[in-house]
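Below you'll find the structure, written out as C-alpha cells, and then a few comments.
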Amino acid sequence: MSNPILKVENLHVNFNTYAGTVQAIRDVSFDLNKGETLAIVGESGSGKSVTTKTLMGLNAKNASIPDNSRLLFKDRNLLDLTEEEWQSVRGNEIAMIFQDPMTSLDPTMKIGMQIAEPLMKHREMKKEDALARALELMQGVGIPNAEEHINDYPHQWSGGMRQRAVVAIALAADPEILIADEPTTALDVTIQAQILTLMKKLQRETSSSIIFITHDLGVVAGMADRVAVMYAGKIVEYGTVDEIFFNPQHPYTWGLLNSMPTTDTAVGTLEAIPGTPPDLLEPPKGDAFAPRNAFALAIDSKEEPPFFKVSDTHYAATWLLDERAPKVTPPAQIQKRWARWQEIQGQEA
Amino acid sequence: MWKYILKRLGWLVFTLFLVITATFFLMQIMPGTPFNNPKLTPDALAQLKATYGLDLPLWQQYLNYLIGAAHGDFGISFQYQNQPVSMLIGQRLPVSAALGAQALVVGVVAGLIMGAVSARNKNNKIDGVLGILSTLGISVPSFILGIVLVYLFGFQWPIFPVSGWGDSFSETILPTIALAVSPAAITTRFVRSEMIESLSSDYVQLAKAKGLSDKEIVNKHAYRNSMIPVLTLIGPMAAGLLTGSTLIEQIFSIPGIGQQFVLSIPSKDFPVIMGTTIVYAAMLMFMILITDILTAIVDPRVRLQ
Ligand SMILES: Nc1ncnc2c1ncn2[C@@H]1O[C@H](COP(=O)(O)OP(=O)(O)OP(=O)(O)O)[C@@H](O)[C@H]1O
Ligand SMILES: [Mg+2]
Chain V
1 MSNPILKVEN
11 LHVNFNTYAG
21 TVQAIRDVSF
31 DLNKGETLAI
41 VGESGSGKSV
51 TTKTLMGLNA
61 KNASIPDNSR
71 LLFKDRNLLD
81 LTEEEWQSVR
91 GNEIAMIFQD
101 PMTSLDPTMK
111 IGMQIAEPLM
121 KHREMKKEDA
131 LARALELMQG
141 VGIPNAEEHI
151 NDYPHQWSGG
161 MRQRAVVAIA
171 LAADPEILIA
181 DEPTTALDVT
191 IQAQILTLMK
201 KLQRETSSSI
211 IFITHDLGVV
221 AGMADRVAVM
231 YAGKIVEYGT
241 VDEIFFNPQH
251 PYTWGLLNSM
261 PTTDTAVGTL
271 EAIPGTPPDL
281 LEPPKGDAFA
291 PRNAFALAID
301 SKEEPPFFKV
311 SDTHYAATWL
321 LDERAPKVTP
331 PAQIQKRWAR
341 WQEIQGQEA
Chain S
1 MWKYILKRLG
11 WLVFTLFLVI
21 TATFFLMQIM
31 PGTPFNNPKL
41 TPDALAQLKA
51 TYGLDLPLWQ
61 QYLNYLIGAA
71 HGDFGISFQY
81 QNQPVSMLIG
91 QRLPVSAALG
101 AQALVVGVVA
111 GLIMGAVSAR
121 NKNNKIDGVL
131 GILSTLGISV
141 PSFILGIVLV
151 YLFGFQWPIF
161 PVSGWGDSFS
171 ETILPTIALA
181 VSPAAITTRF
191 VRSEMIESLS
201 SDYVQLAKAK
211 GLSDKEIVNK
221 HAYRNSMIPV
231 LTLIGPMAAG
241 LLTGSTLIEQ
251 IFSIPGIGQQ
261 FVLSIPSKDF
271 PVIMGTTIVY
281 AAMLMFMILI
291 TDILTAIVDP
301 RVRLQ
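Chains as they are written, first to last, in UniProt numbering: chain V, 1 to 349; chain S, 1 to 305.
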C-alpha cells in the first residue's frame, strides 16, 4: 500500500550556541510516500525549516545530529554522506523551493542561466543544451513568451514570475523529492493560488513527492495528501488531510484549526493559541504543550505522551487518548468538525 | 546611454566653470604677492604686472582667464618665466597619472584578493591578521608610510632606489606601495563585508540547494555580486590618491604634478596653483563618471538615465 521513498527515523537536531544547546528537533520520525504531498504545519519556531534543511544537508555549522538519527533514501542513510555525495543529491534527487522569490535568485545572473545551472551540474549538459532545456522549463512553469525572457535578469520580473523561475530551477533535474518551505508566504493571495496550482500540476506530470512546509493550514487542504503537525521540535499528530481537518485529536491541532479562518467561521470566533512555545534550550518535562493546553492532565507535566493510534494512518501524541483519561469536550468548532467526520464516515460505509 | 553620458559631460563642464570661478576669486583673497623681491623698482613692478595682465580690472582678468581656460590656456607661470602653465602641467601630469594608475590597480587587485580570502576565512586567524592590517592601512597616512619605506628599504636594507622617475621600474616600487596601501585596505574591508553578506544571502542558499560546490558558488555567484559594488569606491579612492600623491612625490622626488603643486604654493605662483586645482577637479569628476559608466555596464540592475 504505502511505498515510502524517504524514511526519517528518530531525527534529533541540536544547535550549539553560547547560551547552551538548542534542541530544535527532538525525535522526529515520518515516511514520505512516492508521489504524495506531505504537509508539515506548526507555529513559528516549531522546527519545520530545520527539518527541511536537514533533508538537504544544509544545516548551519553549529548543528549536530546524533548517530542514531537516520534519513533513509534509496538504500542509504543521508546522514552518512560526505559533502561531495550531498552535492550530487541536492538539486538532483532532492530539490528545494525557497520562501522569498525576491531574494533567492542571483541578481547578477541571467534567469535562463540560473535555471540551466543544475542541468550543467547534474546532467553534464553543455551550456547550449542546458539553456534549450531551461527554455522548455520556463514554458512549463508558465512564463509567457519565454524565448524573449531567457536573458532577463531577476529585477525585470515580478515576484510571482520569479517564484515560477525558482520552481523551474527546483524541477530542472527532475528530482524525486521536492521540498517547498513556505513557497508562497511572500506572495499575494492570487499569485499564491497560481503557484500552488502550478506545483500540483507539475507534481502530477513528474510523479515526484512533495514536502510542503507552511504555518497556514488554509493552503494545506488543497495541497496535501497527509499532514504532520509539529510543536516544539516534535511531531504531535499526523494523518491524512481529512483525518487532521475533521477528526483532530491533539489539543494543539485543535488550537491551530481554531485559529484558521474558514468559510463558516463567524467573525470574532477566531482564536489564537494563548501563550508561547517553550524554550528549546531547556525543553520542559512531559508534554511540551501542557502549559498552553486548556485540557492538560496532571500526567502531562510528568511524562511525555507516546503516539496513540487513531487509525492505521492517524496517530496523535496526547494523553487524552489514553483509556484512563477523562472524556473532554473539545471547543465548539472542533465538535462541528467531528460531526462532519461522522457524516463522511457514514457516506463511506 | 549616450544621451546620459553627454548630459553628464555637460554637468562636468558646468561644475568645472564653478571650480574655476571659485579658485579665481579665492586666489584674490590669498595673502601675499609673488613679486616680493625688495630689489624690484616700482617701474619694474608695473612692467611685470602688465606682462601678466594684472593691471586690468578684476572682472576683465576673470573673463580673460575663463576664455583662456576654455582653450586650455591657463596663463604663464610666475615662477618659471615664459613657461605656459598648460605646458608645465602637460609635462608633469603623465608622470602623476602613471603613478596614480599603478597604485590604484595594485591596491584594488590586492584588496580584492585579501578581502575574498578574509571573507572565506571569516573569524579565524587569517581574517584576524588581515583585519588588523587593513585597519592599519586605513589609519596610517601614505606619507608616513612613504618615509618608513624610505628608511627601511632605502637605508636599512637598500633594496630599492628611493628617488627619481623614468629611469627604471624599480624606482616606482616604493612610491607605488606607499600609495597603494590605503586603497588596498579600503578595498579589503569592503570586499570582505560584501562577500560575507553575499555568502549568507538567499541566492547562495539556493545555489547550494542546486548542488553546487563551495568553489562553484564563490566563483559563479559570490564573486561577481561582491565585486560590482567595489567599482563605486574607485572614484573616492582616486581622489585620495590625488591628495596623497602630492606628498609622496615630494618624498620620492618624483617630478609629478603634485610636487609642482606643493612648490607653487610658497612661491605664490597663482597661475600654477589655479591650473593644477582645475586639472585635479576635472580628473576627479572624470573618474567618477567613468566608474558610473562601468557600474552600469557590469551591473544589470543599474541603468543610466
Ligand atoms: N543555527 C541555529 N542556531 C541556534 N538555533 C537555531 C538555529 N537554527 C534554528 N534554530 C532554532 O531552531 C528552532 C526551529 O527553527 P525553525 O527555523 O525550524 O522554525 P520554523 O518552524 O521553520 O519557523 P518559521 O515558521 O518561523 O519558519 C527555533 O527555535 C530556532 O531558533
Ligand atoms: Mg521556517
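Note that the Cβ used here is the ideal one computed from N, Cα and C, for glycine as well.
With a threshold of 6 Å on Cβ separation, who are the neighbours of residue i within its own chain once the five nearest residues in sequence on each side are excluded?
i, result
"aspartate 127 of chain S", "Ser118 and Asn121"
"glutamine 347 of chain V", "none"
"methionine 120 of chain V", "Ala130"
"asparagine 226 of chain V", "Note that residue 226 of chain V is arginine in the sequence shown here, rather than asparagine. Once the five neighbours on either side are set aside, the close Cβ partners of arginine 226 of chain V are Leu38 and Thr240."
"isoleucine 76 of chain S", "Pro84"
"alanine 116 of chain V", "Ala130, Leu131 and Ala134"
"arginine 337 of chain V", "Phe246"
"proline 251 of chain V", "Asn293 and Phe295"
"glutamine 180 of chain S", "In the sequence as displayed, the identity of residue 180 of chain S is alanine instead of glutamine. The residues are Ala103, Val106 and Gly107."
Answer with yes or no whether the minimum CB distance from residue i to chain S is below 8 Å.
i, result
"proline 283 of chain V", "no"
"leucine 32 of chain V", "no"
"lysine 7 of chain V", "no"
"leucine 11 of chain V", "no"
"phenylalanine 142 of chain V", "In the sequence under discussion, the amino acid at residue 142 of chain V is glycine, which differs from the phenylalanine named in the question. Not one chain S Cβ lies under 8 Å of glycine 142 of chain V."
"glutamine 87 of chain V", "yes"
"arginine 90 of chain V", "yes"
"isoleucine 177 of chain V", "no"
"isoleucine 211 of chain V", "no"
"serine 207 of chain V", "no"
"valine 169 of chain V", "A quick correction: the sequence has isoleucine, not valine, at residue 169 of chain V. Yes, its Cβ sits closer than 8 Å to a Cβ of chain S."
"aspartate 100 of chain V", "yes"
"alanine 95 of chain V", "yes"
"threonine 153 of chain V", "The residue you asked about is not threonine; residue 153 of chain V is tyrosine in the sequence shown. It does: the Cβ of tyrosine 153 of chain V has a partner Cβ on chain S nearer than 8 Å."
"serine 104 of chain V", "yes"
"threonine 82 of chain V", "no"
Using CA coordinates, which residue listed in the options is at the minimum distance from residue i?
i, options, result
"methionine 138 of chain V", "V/Ile111, V/Thr197, V/Met125 and V/Gln203", "V/Ile111"
"tyrosine 65 of chain S", "S/Val272, S/Ala98 and S/Gln91", "S/Val272"
"phenylalanine 245 of chain S", "S/Thr172, S/Phe14 and S/Ala209", "One detail in the question is off: residue 245 of chain S reads as serine in this sequence, not phenylalanine. With distances taken between Cα atoms, serine 245 of chain S lies closest to S/Thr172."
"alanine 184 of chain S", "S/Val298, S/Val109, S/Gln47 and S/Val13", "S/Val109"
"aspartate 287 of chain V", "V/Pro274, V/Ala298, V/Glu304 and V/Asp174", "V/Glu304"
"valine 230 of chain S", "S/Leu104, S/Leu26 and S/Leu56", "S/Leu104"
"valine 220 of chain V", "V/Ser207, V/Ile344, V/Ala180 and V/Ile235", "V/Ala180"
"tryptophan 11 of chain S", "S/Ile288, S/Thr295 and S/Asp299", "S/Ile288"
"tryptophan 86 of chain V", "V/Pro251, V/Gly57 and V/Gly47", "V/Gly57"
"glutamate 36 of chain V", "V/Asn151, V/Ser158, V/Met161 and V/Glu205", "V/Glu205"
"histidine 314 of chain V", "V/Thr253, V/Ile273, V/Asp279 and V/Ala298", "V/Thr253"
Tell me which residues share the same chain as residue i and place their Cβ nearer than 8 Å to its Cβ, disregarding the 5 neighbours each side in the sequence.
i, result
"isoleucine 278 of chain S", "Leu16, Val19, Ile20, Thr23, Ala69 and Phe74"
"serine 170 of chain S", "Phe160 and Pro161"
"glutamine 99 of chain V", "Asp181, Glu182, Pro183, Thr185 and Ala186"
Less than 8 Å between CB atoms is the rule here; does residue i satisfy it with respect to chain V?
i, result
"leucine 233 of chain S", "no"
"tyrosine 203 of chain S", "yes"
"serine 213 of chain S", "yes"
"leucine 199 of chain S", "no"
"lysine 125 of chain S", "no"
"leucine 206 of chain S", "yes"
"lysine 210 of chain S", "yes"
Please return the same chain residues whose Cβ sits closer than 7 Å to the Cβ of residue i, not counting the five positions on each side in sequence.
i, result
"leucine 233 of chain S", "Ile186, Thr187 and Phe190"
"serine 226 of chain S", "Val191, Glu194, Met195 and Ser198"
"aspartate 106 of chain V", "Gln114"
According to a CB-to-CB cut-off of less than 8 Å, which residues of the stretch 37-64 of chain V neighbour chain S?
Met56 and Leu58
Give, in chain order, every unbroken run of the beta strand (DSSP E) that is at least 3 residues long and sits entirely within the stretch 154-213 of chain V.
177-181
Interface residues of the stretch 118-132 of chain V facing chain S [CB-CB below 7 Å]
Pro118, Lys121 and His122
Every unbroken beta strand (DSSP E) inside the stretch 41-86 of chain V [3 residues or more]
70-73
Report the residues of the stretch 279-303 of chain S with a CB closer than 9 Å to any CB of chain V, ordered along the chain.
Val298, Asp299, Pro300 and Arg301
So which residues touch the region around ligand 3, with touch meaning a C-beta under 7 Å from any heavy atom?
Ligand 3 is not among the ligands present in this structure, which contains only ligand 1 and ligand 2.
Runs of 3 residues minimum, wholly inside the stretch 200-277 of chain S: which ones carry the beta strand (DSSP E) assignment?
none
Residues within the stretch 306-332 of chain V neighbouring chain S, beta-carbon criterion of under 9 Å:
none
Runs of beta strand (DSSP E) wholly within the stretch 86-118 of chain V (minimum 3 residues, chain order)
94-97
Chain-ordered residues of the stretch 60-72 of chain S with a beta carbon less than 8 Å from chain V:
none
Anything in the stretch 222-246 of chain S with a Cβ closer than 9 Å to a Cβ of chain V? List those residues in chain order, please.
Arg224, Asn225 and Ile228
So if I threshold CB-CB distances at 7 Å, which residues from the stretch 106-135 of chain S count as touching chain V?
none
Contained alpha helix (DSSP H) runs [length at least 4] in the stretch 59-134 of chain S, N- to C-terminal order:
85-120
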